Amino acid sequence: MADALYQFILNLKYPAIFLGAFIEGPTVALIVGVLVKLKVINLGIGFLLHVIGDFSADFMYYGIGLVGGRKFLHKIASFFRFSLEEMEQIKFKVTKHSWKLILIGKITHFLGLPVLIGVGLAHYSWYKFGVINLLATLIKSAILIIIGYFWGHLWRNVDSTLSYLTMIALFIILIQILYFMARRLIKSGNILNIS
375 MADALYQFIL
385 NLKYPAIFLG
395 AFIEGPTVAL
405 IVGVLVKLKV
415 INLGIGFLLH
425 VIGDFSADFM
435 YYGIGLVGGR
445 KFLHKIASFF
455 RFSLEEMEQI
465 KFKVTKHSWK
475 LILIGKITHF
485 LGLPVLIGVG
495 LAHYSWYKFG
505 VINLLATLIK
515 SAILIIIGYF
525 WGHLWRNVDS
535 TLSYLTMIAL
545 FIILIQILYF
555 MARRLIKSGN
565 ILNIS
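This note's numbering numbers the first residue of the sequence shown as 375 and each following residue consecutively.
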């Protein structure tokens, strides 16, 4: 798929960046980095079109969750292989941890779709969603374009790269969770005293 996307963007350039980012944002961001390095496209225009395309797709999925009935959502969930129970769990968690969940959904490649639909299902404020999602999209797009720019010679291994990035993100999140749990234990005084 990366080869086809690369050729598509190489031939059509800027319109293809928007369409490609709408369909497959992370892969296209890496390809944008490669093409910027090769001086085929302009960095500013490529970055802007990628952000707009990726952000538009996120709002589409948010809208599906917001206005879609359960029957329609069941079809979408089965098509993308997510259960309605998973989306309902996300709906509950959105009300409790909204911005954290949106950021995690945006950073991790595999949680994005159910989180975006779940945020819409929870009828989360479109304005708040837009602000959080735009900030996350700007950061994620910039990082992936930079990776594509500096490690563009590895672009054929995009799926492996995304898997590694997801694992790194999950590792960082796990470290943060462990840190906050340890900090909470220390503050509460529930640490076993070994003497």
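Using N, Cα and C, we set each Cβ at its ideal position, and we do this for glycine too. Just so you know, these numbers come straight off a predicted model, no measurement behind them.
- Taking the C-beta atoms as reference points, Y498 is found nearer than 7 Å to S472.
- Excluding residues up to 5 positions away in sequence, T511, L512, S515 lie with their Cβ nearer than 7 Å to the Cβ of V425 in the same chain.
- Going by C-alpha positions, K411 is about 8 Å away from G526.
- Here L552 carries a helix assignment [DSSP, helix/strand/coil].
- Taking L518 as the centre and dropping the five residues before and after it, the same chain places the C-beta of P400, A403, L404 closer than 6 Å to its C-beta, in chain order.
- The three-state secondary structure of N416, taken from DSSP, is coil.
- Judged by DSSP in its simplified three-state form, T482 adopts coil rather than helix or strand.
- If you check the CB distance, I491 and Y435 come in under 7 Å.
- In terms of Cα proximity to D428, the closest of A496, V493, L509, I520 is L509.
- Nearest C-alpha to L422 among I391, Q550, L485: I391.
- Across the structure, G522 and I560 are spaced so that their CA atoms are roughly 42 Å apart.
- Take G486, set aside five residues on each side of it, and the residues of its chain with a beta-carbon closer than 6 Å to its own are G479, in chain order.
- At a Cβ-Cβ threshold of 7 Å, A543 and I481 count as neighbours.
- If you draw a 10 Å sphere on the C-beta of G439, you find 16 or more other C-beta atoms in it, and that means buried.
- Residue state for F456 is assigned as coil, using DSSP reduced to three classes.
- In the structure shown, H471 adopts helical secondary structure according to DSSP, grouped into three states.
- Shown here for V468: same chain residues with a beta carbon closer than 7 Å to its own, the five before and five after excluded, namely L475, G492, V493, A496, Y498 in chain order.
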